[in-house]
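Residue numbers (this note's numbering): 1 to 166.
C-beta: ideal position from N, C-alpha, C; glycine also.
Since the structure comes first, as structure tokens, the remarks are kept for the end.
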Ligand SMILES: [Zn+2]
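In structure tokens form, the structure reads like this:
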């Protein structure tokens with residue numbers, strides 16, 4: 001099982017999903033998409049790793065199921081069985097990873113649960129076609145015509161910690 005260790009706690013990957021446009025903003029700008037990897041510790045504590053997405057290289061690993069986004073995926077709406085998926089092709093897992101951290105909540109209602117957020121400073125890349133394929137899912141959604149992103153929230157005195165110096 002995929003896991004991540006942050007400040008002496010091990011969090012296990014529960015699921016990952018995407019938002020368009022990005023939910024976090026950086027230096028006053030948002031990105032076309034954002035990846036969320038939702039983790040939970042054995043004690044039940046949540047940690048979400050967020051990564052901004054910029055148009056660039058195609059991600060072949062993702063195309064294992066990205067090409068089926070439009071399919072009727074059966075019983076559980078929106079889920080598909082993917083034989084194997086290598087997370088390391090999605091986000092960098094080694095090296096000097098710059099992150100922004102804060103303690104917040106989930107971005108989907110009721111938005112109450114406490115969550116440790118770790119947002120990667122450097123964006124990952126998907127091809128423009130891959131980004132557009134995801135954005136197209138929302139074009140005809142009456143409930144979310146502009147995507148599946150919670151509007152940006154005021155910081156209300158929240159502190160964001162950087163793991164690096166500029
Ligand atoms: Zn999310």
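Assumed close pair residue i, residue j - CB separation to whole angstroms, cut-off 8 Å
{"i": "residue 124", "j": "residue 35", "result": "7 Å"}
{"i": "residue 12", "j": "residue 22", "result": "Not a contact, Cβ separation roughly 25 Å."}
{"i": "residue 147", "j": "residue 19", "result": "7 Å"}
{"i": "residue 31", "j": "residue 53", "result": "6 Å"}
heavy atom of ligand 1 below 7 Å from residue i C-beta
{"i": "residue 17", "result": "yes"}
{"i": "residue 36", "result": "yes"}
{"i": "residue 107", "result": "yes"}
Reduced DSSP secondary structure (H/G/I, E/B, other) of residue i
{"i": "residue 133", "result": "helix"}
{"i": "residue 65", "result": "helix"}
{"i": "residue 41", "result": "strand"}
{"i": "residue 84", "result": "coil"}
{"i": "residue 105", "result": "strand"}
{"i": "residue 89", "result": "helix"}
{"i": "residue 3", "result": "strand"}
Residue closest to residue i, alpha-carbon to alpha-carbon, out of the options
{"i": "residue 98", "options": "149, 92, 164", "result": "164"}
{"i": "residue 39", "options": "154, 116, 126", "result": "116"}
{"i": "residue 151", "options": "157, 133, 161, 109", "result": "109"}
{"i": "residue 8", "options": "61, 43, 67", "result": "43"}
{"i": "residue 87", "options": "37, 33, 28", "result": "37"}
{"i": "residue 66", "options": "100, 50, 95, 136", "result": "136"}
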